[in-house]
Amino acid sequence: MANRDVERGGKQNRGVHNNNNYFYDESSRDTHWTPWLVPAIVVANLAVFIAVMFVNDCPKKITGPNKACVARFLGRFSFQPLRENPLFGPSSSTLERMGALEWRKVVHEHQGWRLVTCMWLHAGIIHLLTNMLSLIFIGIRLEQQFGFIRVGLIYLVSGFGGSILSSLFLQESISVGASGALFGLLGAMLSELLTNWTIYANKAAALVTLLFIIAINLGLGLLPRVDNFAHIGGFLTGLCLGFILLVRPQYGWEASRTNTSVTKRKHSMYQYVLFVVAAVLLVVGLTVGLVMLFKGENGNKHCKWCHRLSCFPTSKWTC
């Protein structure tokens, strides 16, 4: 994209519990939902991208042999010149018109709806396909385990949390993409593992695998023009939501219900503690973030080194 564009990237998944998964002890006793919400979100994102390209109409706005649109045979759906957008997508101005996240418009023009609409926009076809493939791998299995209501809440609220943090720290660029929501699903996976620790057979393998995937994805966010603040904000929001929404009965509770000589609480004390702490942190974090945002605060003034979390300068590139 142009220099003022920031796209939100996102990647893969960990092993989750299904017929060939080896992490869980009691997989046969869990309800399996038929996933429909995640496929619907994928279709919605594809439809929005088509609508954005229709509005963009590159051939009508770009003329001259040195500024030719890419794939002109697509007509008004052709892409901006690669020098303007190497991801095969629309222009910055089109994304801005269609609801991209921009701090000035959110704060000074009271367009808070951009905190949500930016989640449904993508900088290009490469950006879109990367995020949607990640969503399919991560989201469908989560929806099979926990149902569409909980997964839908995590997806939407995490994307919202990512947008808040992005607005506080990236105030000179626009931002689009669903990866704040995707990182929320990754964060929820981590908290689900921690709060349901007793039902995992191979705890170390599950934890190391998931932490490795999260670290790789957050590391990629240090590259230029990737909105790592959306990643971090979505991840932290999803982490809290996982402790709240994805709690399972502890190991052995089902057996204790059929054996009157054995008594076992449905949930452990640490699950209750994590639930309460996560709920408090989530409410406080979102509230403080929104208050700071609409007061026009710049997060970089309160954290002088935080800008390096989204782009770490090296000899190979500048931020």
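In terms of the working numbering, the sequence shown opens at residue 942 and continues consecutively. Where is the CB? At the ideal position from N, CA and C, for every residue including glycine. Small disclaimer: the values here were computed from a predicted structure and weren't measured.
Item                                                                                                                               : Value
Chain-order list of residues whose beta-carbon lies under 8 Å from that of residue 1016 (same chain, five-residue window excluded) : 1000
Endpoints, beta strand (DSSP E) assigned at residue 1116                                                                           : 1115-1117
Where residue 1141 falls, given that 16 or more other Cβ within 10 Å makes a residue buried                                        : buried
Residues that residue 1018 bridges to, as DSSP identifies them                                                                     : Per DSSP, none; premise fails for residue 1018.
For residue 1219 and residue 1185, believed in contact at Cβ under 8 Å, the rounded distance                                       : 5 Å
When 1022, 987 and 1233 are compared against residue 1002, the one with the closest alpha-carbon                                   : 1022
Three-way DSSP call (helix, strand, coil) for residue 1036 in this model                                                           : helix
Between the CA atoms of residue 987 and residue 1042 - distance to the nearest angstrom                                            : 19 Å
Pick from 1236, 1182, 1126 and 1234 that is closest to residue 1271, judged by C-alpha positions                                   : Outside the displayed span of the chain (942 to 1260) sits residue 1271, for which this structure offers no information.
Residue environment, residue 1098, which counts as buried when at least 16 other CB atoms sit within 10 Å                          : buried
Candidates 1036, 973 and 1081: closest to residue 990 by CA position                                                               : 1036
Own chain, CB closer than 8 Å to residue 969, minus 5 neighbours either side, in chain order                                       : Only weak support is given to the placement of residue 969: the predicted model assigns it a pLDDT of 38, under 50, and the question is left unresolved by the model.
Whole runs of the alpha helix (DSSP H) within the segment 1047-1103, excluding any shorter than 4 residues                         : 1055-1058 and 1066-1087
Distance, residue 1153 Cα to residue 1252 Cα                                                                                       : 20 Å
Residue(s) in a DSSP beta bridge with residue 1042                                                                                 : 1116
Status (buried if at least 16 other CB within 10 Å, exposed otherwise) for residue 1061                                            : buried
Stretch-stretch touch, CB-based, cutoff 8 Å, three pairs: the segment 1075-1089 with the segment 1120-1132                         : yes
Pair within 9 Å by beta-carbon distance, residue 1053 and residue 993                                                              : no
Burial state of residue 1068, where buried means 16 or more other Cβ atoms lie within 10 Å                                         : buried
For residue 1246 and residue 973, the rounded distance between their alpha carbons                                                 : 45 Å
Straight-line gap, residue 1064 to residue 1116 (C-alpha atoms, nearest Å)                                                         : 9 Å
Residue from 1216, 1190, 1214 and 1213 with nearest C-alpha to residue 1207                                                        : 1190
Simplified DSSP state of residue 970, which is helix, strand or coil                                                               : With a pLDDT of 48 at residue 970, under the threshold of 50, the modelled position of this residue cannot be trusted, and the question is left open.
Burial state of residue 1211, where buried means 16 or more other Cβ atoms lie within 10 Å                                         : exposed
Inter-residue spacing [alpha-carbon to alpha-carbon] between residue 1235 and residue 1107                                         : 13 Å
Cβ pair count under 8 Å reaching 3, the segment 1152-1172 against the segment 1077-1092                                            : no
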